[in-house]
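Here's the structure we're looking at; comments come further down.
Residue numbers (mature numbering (1 follows the signal peptide of the UniProt record, and there is no 0)): -30 to -1, 1 to 277.
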């Protein structure tokens, strides 16, 4: 592949996953694993599974996306949080500037799209701030030149949980009113995190993919784990642990991104069968254009849950 072809490929890839440009269709690549029509529903709770299971990475290295500096935007501050075994990873996050008041503020942990954090992601956060939320956007292991090995939807959940702990202890933040939302890859991580802890009042995964079998069939170049082990896909699939949601959830997709939302109905049916509060909704638009309205929907949902 020529240098020009490589650059073109990565530009297309980031546009789809990060949602920073119009949605593009990547060339399909043959995958060596089976893609079940309906992944099985696992027996055990996802949080319990995470306590026991360690992913086996056959390839170790940084996240695949090109990245920019993590210098904080003008209306945010850069802070750090610890993650990884023994807290060996120091990772950066952006937090909206806010004034500490007598009454503690609710907060949103927002998980960016793609595998690198950028100013474009942060510019979407203004509605949350205007609605009175403190916003924290964490970068994750291996992103933006930071330490840690990219694993694709597994070890990154540990980073999100650690970031949530950091957010909960920020001065002036109400730890009883923490919410989580995310777009695209961040939407998938939002689902998996909402299955891993009772810390959040509600979760709003936006354009996430609940089926890792389908996701990695579409993007096999992102597989770093042992793809001969079906369980490695299952622990990255919200569909397989739909009974494990630990807070109310609203799953939202654009009307023009069928490859992301085709399993949302199955996810909801499985979750409801276990007694979970889960809603599904679509917003007019594609993976990019629907996002502002989807964020507004998440705000209304959070307000309703916290009322």
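Think of the CB as a built atom: it goes at the ideal place given N, C-alpha and C, for glycine as much as any other residue.
Computed from a predicted model, the values in this text were never measured in an experiment.
Taking the continuous alpha helix (DSSP H) assigned at residue 161, which residues delimit it? Translated into the one-based positions of the chain shown, residue 161 becomes position 191. Element bounds for residue 161: 155 to 164.
Per DSSP, cross-strand counterpart(s) of residue 51: If you number the chain shown from 1, residue 51 lands on position 81. 61.
Check residue 144 in the structure and name its three-state DSSP category. Stepping through the chain shown from its first residue, residue 144 is reached at position 174. In the three-state reduction of the DSSP assignment, residue 144 falls in the strand class, which pools E and B.
Between the C-alpha atoms of residue 196 and residue 30, what's the straight-line distance to the nearest angstrom? Taking the first residue of the chain shown as position 1, residue 196 is located at position 226. Taking the first residue of the chain shown as position 1, residue 30 is located at position 60. The straight-line gap from Cα to Cα measures roughly 12 Å.
Check this for me: beta carbons of residue 123 and residue 111, under 9 Å apart or not? In the chain shown, the residue the question calls residue 123 occupies position 153. In the chain shown, the residue the question calls residue 111 occupies position 141. Going by C-beta atoms, residue 123 is not nearer than 9 Å to residue 111.
Smallest Cα separation from residue 262: which of 94, 217, 103? Counting from one through the chain shown, the residue named residue 262 turns up at place 292. Between residue 262 and the set 94, 217, 103, the nearest pair of CA atoms involves 94.
Does the structure place the stretch 67 to 78 close enough to the stretch 99 to 109 that three or more beta carbon pairs sit under 8 Å? The stretch 99 to 109 makes contact with the stretch 67 to 78; the number of CB pairs closer than 8 Å reaches 3 or more.
When the Cα atoms are used, what is the spatial distance from residue 8 to residue 58? Counted from its first residue, the chain shown places residue 8 at position 38. Counted from its first residue, the chain shown places residue 58 at position 88. Looking at the backbone, the Cα of residue 8 and that of residue 58 are separated by about 38 Å.
Curious, which full-length beta strand (DSSP E) runs of at least 3 residues does the stretch 156 to 239 contain? Look at the stretch 156 to 239 and you find these whole runs of beta strand (DSSP E), each 3 residues long or longer: 172 to 176, 219 to 224.
Alpha carbon to alpha carbon, how far is residue 185 from residue 33? Give it in angstroms, no decimals. Position 63 of the chain shown holds residue 33. Position 215 of the chain shown holds residue 185. The straight-line gap from Cα to Cα measures roughly 16 Å.
Over the uninterrupted alpha helix (DSSP H) stretch that includes residue 107, give me the two end residues. As a position in the chain shown, residue 107 is number 137, starting the count at 1. Segment 104 to 108 is the beta strand (DSSP E) holding residue 107; no alpha helix (DSSP H) there.
Does the contact criterion of 3 or more C-beta pairs under 8 Å hold for the stretch 131 to 143 versus the stretch 232 to 242? Too few Cβ pairs lie closer than 8 Å, so no.
CA-to-CA distance, residue 237 to residue 211, given in whole angstroms: Translated into positions along the chain shown, residue 211 becomes position 241. Translated into positions along the chain shown, residue 237 becomes position 267. Using only the alpha carbons, I get a separation of about 9 Å.
Would you kindly work out how many angstroms separate the C-alpha atoms of residue 217 and residue 270, rounded to a whole number? As a working note, residue 217 is residue 247 in the chain shown. As a working note, residue 270 is residue 300 in the chain shown. When rounded, the distance between both Cα atoms is 16 Å.
Any heavy atom of the ligand MG closer than 8 Å to the Cβ of residue 236? The ligand MG is absent from the structure shown, which contains no ligands of any kind.
Express the C-alpha separation of residue 66 and residue 205 in angstroms, rounding to a whole number. Translated into the one-based positions of the chain shown, residue 205 becomes position 235. Translated into the one-based positions of the chain shown, residue 66 becomes position 96. Rounded to whole angstroms, the separation of the alpha carbons of residue 66 and residue 205 is 32 Å.
Boundaries (first-last residue) of the beta strand (DSSP E) holding residue 77: Taking the chain shown and counting its residues from 1, one reaches residue 77 at position 107. First-last of the beta strand (DSSP E) with residue 77: 75 to 81.
May I have the straight-line CA-CA distance separating residue 246 from residue 260, to the nearest angstrom? The count along the chain shown starts at 1 and reaches residue 246 at position 276. The count along the chain shown starts at 1 and reaches residue 260 at position 290. For residue 246 and residue 260, the distance between alpha carbons rounds to 26 Å.
Measure the beta-carbon distance from residue 40 to residue 87 and round it to whole angstroms, keeping in mind my assumption that it falls under 8 Å. Position 70 of the chain shown holds residue 40. Position 117 of the chain shown holds residue 87. The Cβ separation is near 7 Å, so the contact holds.
Spatial distance of residue 251 from residue 219 (CA atoms): Residue 251 sits at position 281 when you count from the first residue of the chain shown. Residue 219 sits at position 249 when you count from the first residue of the chain shown. For residue 251 and residue 219, the distance between alpha carbons rounds to 11 Å.
Beta carbon of residue 49, beta carbon of residue 117: below 9 Å? The residue labelled residue 49 in the question sits at position 79 within the chain shown. The residue labelled residue 117 in the question sits at position 147 within the chain shown. A distance of 9 Å or more separates the beta carbons of residue 49 and residue 117.
Same chain, Cβ closer than 7 Å to residue 170, five either side skipped, listed in chain order: Within the chain shown, residue 170 is the residue found at index 200, counting from 1. Hits under 7 Å: 148, 149, 150, 164, 217.
Assumed close pair residue 70, residue 146 - CB separation to whole angstroms, cut-off 8 Å: Counted from its first residue, the chain shown places residue 70 at position 100. Counted from its first residue, the chain shown places residue 146 at position 176. With a contact defined as Cβ atoms closer than 8 Å, residue 70 and residue 146 miss out at about 17 Å.
Can you tell which of 244, 201, 208 has its C-alpha closest to the C-alpha of residue 22? Indexing the chain shown from 1 puts residue 22 at position 52. Among 244, 201, 208, the Cα nearest to that of residue 22 is on 201.
Skipping 5 residues on each side, what residues in its chain have a beta carbon closer than 8 Å to that of residue 242? Translated into positions along the chain shown, residue 242 becomes position 272. Cβ neighbours of residue 242 beyond the five flanking positions: 248.
In terms of residues, what are the limits of the alpha helix (DSSP H) holding residue 126? For the purposes of this step, residue 126 is taken as residue 156 along the chain shown, with counting starting at 1. Here the alpha helix (DSSP H) through residue 126 covers 125 to 138.
Option in 99, 157, 198 with minimal Cα separation from residue 68: Taking the chain shown and counting its residues from 1, one reaches residue 68 at position 98. Nearest in C-alpha terms to residue 68, of all of 99, 157, 198, is 99.
Three-state secondary structure (DSSP) of residue 274: Position 304 of the chain shown holds residue 274. Judged by DSSP in its simplified three-state form, residue 274 adopts helix.
With a 10 Å radius around its C-beta and 16 neighbouring C-beta atoms as the bar for buried, classify residue 56 as buried or exposed. The residue given as residue 56 occupies position 86 in the chain shown. Counting every other CB atom within 10 Å of its CB across the protein chains shown gives residue 56 a total below 16, marking it as exposed.
Give the single residue among 80, 109, 194, 81 whose Cα lies nearest to the Cα of residue 51. To locate residue 51, count along the chain shown from 1; it is residue 81. Measuring from the Cα of residue 51, the nearest candidate turns out to be 109.
Among 44, 144, 20, 19, which residue has its Cα nearest to the Cα of residue 276? Position 306 of the chain shown, counted from the first residue, corresponds to residue 276. Nearest to residue 276 by C-alpha distance, out of 44, 144, 20, 19, is 144.
So, with DSSP's three-state summary, where would you put residue 38? Here residue 38 corresponds to residue number 68 of the chain shown, with the count starting at 1. Residue 38 falls in the coil class under three-state DSSP.
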